[in-house]
Amino acid sequence: MSSDFYIAFIRPHAGIIIKICRAYSHSQEDFEDLYQEVCLQIWRTRDNFHEKSKWSTWIYRISLNVCMTIQKKEAKRKFQPISLDSVSEVLSNDTPSFEEESLSQLYKAIKQLSDVDKAIILLYLEEKTYKEIAEIIGTNFSHIGVKIQRIKNKLKMLIK
């Protein structure tokens, strides 16, 4: 990947990639690996972008797809029964990059959501319209409003 491509097409949207990768990672190392893989996939698939949507929508879609795919691969590879103690330990593992307490609590709760719910709420927090969320997720936009309300209620319960 050329630095020109990174500077012109990825860096302006780095915030999108960071938020999504952060929601799908459990450590700083995981985060860095995801971020690098997303950037690589954006570069690899750049010729497939035909301007049918905004570049930022393309970035969201690739970021979510990469993160969800890697998470599924890891789940298959590492499938073994785990205790509630180990889940709590992973969820409470904050690195210095994830300092702010309320934001940290929100990310911990978001990490407990399903992949689709996680993607929807991240896009909602980015103030994307229901139509944009549906386009990125690949679903009907009339379903998004109901889904967001359910996710909000679930997050409230997880944070308490």
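If you count by the numbering used here, then the sequence shown holds residues 15 to 174, one letter each, in order. Glycine residues also receive a C-beta, built at the ideal position from the N, C-alpha and C atoms. Since the model is a prediction, treat every value here as computed from it, not as a measurement.
Taken atom to atom, the span from the alpha-carbon of residue 151 to that of residue 128 is near 13 Å. If you compare the alpha carbons of 61, 36, 143 and 145 with that of residue 132, the shortest gap goes to 36. Of all alpha-carbon atoms in 23, 119, 44 and 87, the one lying nearest the alpha-carbon of residue 74 is that of 23.
Here residue 134 is not near residue 144, since their CB atoms are 7 Å or more apart.
Taken through DSSP and simplified to helix, strand or coil, residue 86 comes out as helix. In this structure residue 48 is buried. Its beta-carbon is surrounded by 16 or more other beta-carbon atoms within 10 angstroms. In this chain, the alpha helix (DSSP H) harbouring residue 123 covers 115 to 125. Of the other Cβ atoms in all chains shown, fewer than 16 fall within 10 Å of the Cβ of residue 170; this residue is therefore exposed. Residue 164 and residue 156 have their alpha carbons spaced roughly 14 Å apart. When C-alpha distances from residue 130 are compared across 72, 58 and 86, the shortest belongs to 86.
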